[in-house]
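In the working numbering, the protein residues as written are 1 to 435. By construction, the Cβ of each residue, glycine as well, lies at the ideal position given by its N, Cα and C atoms. Data first, discussion second: the structure below is written as structure tokens.
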RNA sequence: UCCUCGGUAGCUCAAUGGUAGAGCAUUCGGCUGUUAACCGAAGGGUUCCUGGUUCGAGUCCAGGCCGAGGAGCCA
């Protein structure tokens, strides 16, 4: 009978049975008449043991000549062993080489250290390393937890377009593309379309890539990043503050529940994640400025926070902090203003702990038709491009609110990474379009 | 866009203005329990590009290209 193909993560259930593993050679250690090939299959890593006296000579020679990342089908019997990191070793009886990486062009990424530029040039191969696979796993869990969160609360996923005719928040940071005989822009937010969707289904969210042509070269910027954006009809600022903190808390809870092994590979201090429970800390902008000034920041009332300011604020708390009521002048034209203090926007930014910066931004939308039209003009936006958006205020207008959460910054924070370039499979950054 | 730092073997890095080196990777040899194994040997170079100073430049000077970190802006 042909041995069953088994994934390495399920190997414990097959101790003593002959199984087949399909994967790649991760590393090979030799000790005379013993070979210790390390196999990986995308679900885990297991060390094989090849004893010269126990296998046909050609099998021994075949394994001995294997190069890193050669693809193989391995037949053997898993055996519990104290010395193995995963608890099991594979006593190898047969190895079929699907493709042997030629020694004259060896796999470029060795188990030793490499520089950032080299790894980024080989991103398509770098993804195979244990650390990158752990990040991909956590990213997957964060996205799944996000979608489950909204789906379980009756939200309808409504996809918003990637090609857009005009800007959401000014044109300086848009990527312009040719669209037959006219110009189009890559979306920087699904926000305006979400508002239309919310009037159709009540509670909606969109999830997709967004694009910003900012010439930012820092550890928290990508030109292409993924964002989830909920929008809720009849909601006010406080409603979306609660929604945002419950979302983030449930994501962290799911990752802690299902991705402990990945967090261990990443050497993440999980104690810092375990304290992330609702309610989060809350601050009004006025009070945040006071705290910053006491801590020696140069910030003046009316200015937006710099990266250091965000770090200082986040360090005051053991969980994310929600900062509300920013000056309206630093926020987008569609933000509602505080009726009691019209110079303030009914908005919220969530700052992640440990200096990971803003992961959520949102608030209550401006509902008044006349005021919205005035701001469109004030921003120098072409009214004809926004007629459809103004329609939302003409027909059954209601208060509504929502926010956007950047997936990559959430992944960077939860994984404890020092750069967002590792949070997305193929990062797009200033000066980086390949591979 | 601005500021700072860097570019030498496939990779990570050394090298007073005076013969370009090490570790890893690759190839060959040794080892029956290795954990980024270890031990021995071999092959491997347009020192980012252009120009300049000098008897002589990887090293000094000028310009350019590429990258990294930070600022501003943002999620």
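Residues bridged to residue i by DSSP?
i: residue 335; result: 365
i: residue 441; result: With the chain covering 1 to 435 only, the question about residue 441 has no answer from this structure.
i: residue 324; result: 284, 348
i: residue 227; result: 208, 406
i: residue 183; result: 178
i: residue 37; result: 28
i: residue 164; result: 185
i: residue 199; result: DSSP, once it has assigned bridges, lists no residue as partnering residue 199.
i: residue 77; result: 91
i: residue 157; result: 205
i: residue 232; result: 203, 401
i: residue 4; result: 19
i: residue 432; result: 429
i: residue 360; result: 350, 405
Just confirm the distance between the C-beta atoms of residue i and residue j, as a whole number of angstroms; I'd bet it's less than 8 Å.
i: residue 403; j: residue 362; result: 2 Å
i: residue 4; j: residue 237; result: Contact doesn't hold; Cβ gap of about 56 Å is too wide.
i: residue 6; j: residue 130; result: That pair is no contact at about 20 Å.
i: residue 39; j: residue 25; result: 6 Å
i: residue 365; j: residue 195; result: 6 Å
i: residue 142; j: residue 414; result: 7 Å
i: residue 270; j: residue 263; result: 6 Å
i: residue 226; j: residue 408; result: 7 Å
i: residue 359; j: residue 410; result: 5 Å
i: residue 323; j: residue 286; result: Going by Cβ atoms, the distance from residue 323 to residue 286 rounds to 10 Å, so no, they are not a contact pair.
i: residue 254; j: residue 319; result: Between residue 319 and residue 254 the Cβ distance is about 16 Å, and since that is not below 8 Å, they are no contact.
i: residue 416; j: residue 268; result: 4 Å
i: residue 59; j: residue 94; result: 6 Å
i: residue 325; j: residue 309; result: Between residue 309 and residue 325 the Cβ distance is about 16 Å, and since that is not below 8 Å, they are no contact.
Comparing alpha-carbon positions, which option in the options lies nearest residue i?
i: residue 345; options: 333, 74, 134, 32; result: 333
i: residue 273; options: 284, 286, 282, 259; result: 259
i: residue 228; options: 255, 147, 92; result: 147
i: residue 10; options: 48, 51, 149, 78; result: 78
i: residue 494; options: 415, 91, 181; result: Here the chain comprises residues numbered 1 to 435, so residue 494 is not present and cannot be evaluated.
i: residue 405; options: 432, 386, 275, 351; result: 351
i: residue 231; options: 33, 105, 42, 243; result: 243
i: residue 157; options: 98, 318, 201; result: 201
i: residue 162; options: 353, 105, 224, 286; result: 224
i: residue 75; options: 313, 341, 2; result: 2
i: residue 109; options: 93, 89, 132; result: 132
i: residue 396; options: 155, 152, 175, 234; result: 234
i: residue 44; options: 115, 119, 134; result: 134
i: residue 435; options: 104, 118, 105; result: 118
i: residue 22; options: 16, 68, 72, 321; result: 72
i: residue 198; options: 182, 399, 408, 256; result: 399
i: residue 88; options: 250, 262, 13; result: 13
i: residue 65; options: 96, 329, 82, 270; result: 96
i: residue 81; options: 49, 277, 255; result: 49
i: residue 432; options: 164, 98, 222, 153; result: 222
i: residue 179; options: 165, 191, 192; result: 165
i: residue 67; options: 31, 105, 83; result: 105
i: residue 347; options: 140, 8, 240; result: 240
i: residue 86; options: 47, 335, 305, 115; result: 47
i: residue 426; options: 174, 316, 136, 293; result: 136
Where do the ends of the beta strand (DSSP E) carrying residue i lie?
i: residue 204; result: 203-211
i: residue 118; result: From DSSP, residue 118 is part of no beta strand (DSSP E) but of the alpha helix (DSSP H) over 116-121.
i: residue 255; result: From DSSP, residue 255 is part of no beta strand (DSSP E) but of the alpha helix (DSSP H) over 237-258.
i: residue 330; result: It is not in any beta strand (DSSP E) - residue 330 carries neither H nor E in the DSSP assignment.
i: residue 46; result: 45-51
On the DSSP letters alone, give me the boundaries of the alpha helix (DSSP H) that residue i sits inside.
i: residue 134; result: 130-152
i: residue 312; result: 307-314
i: residue 63; result: 57-64
i: residue 301; result: Counting along the chain, residue 301 falls outside any alpha helix (DSSP H), and DSSP gives it neither H nor E.
i: residue 391; result: 387-394
i: residue 272; result: 271-274
- Message: Pairs of beta-carbons, one from the segment 207-215 and one from the segment 298-314, closer than 8 Å: are there three or more?
- Response: no
- Would you be able to state if there are at least three C-beta pairs under 8 Å between the segment 193-208 and the segment 279-287? no
- Query: Can at least three beta-carbon pairs, one atom from the segment 184-193 and one from the segment 148-156, be found at a separation below 8 Å?
  - Reply: no
- Query: Does the pairing of the segment 380-394 with the segment 107-124 give three or more beta-carbon distances under 8 Å?
  - Reply: no
- Message: Taking 8 Å as the cut-off, does the segment 416-430 touch the segment 378-385 (at least 3 CB pairs, one atom from each stretch)?
- Response: no
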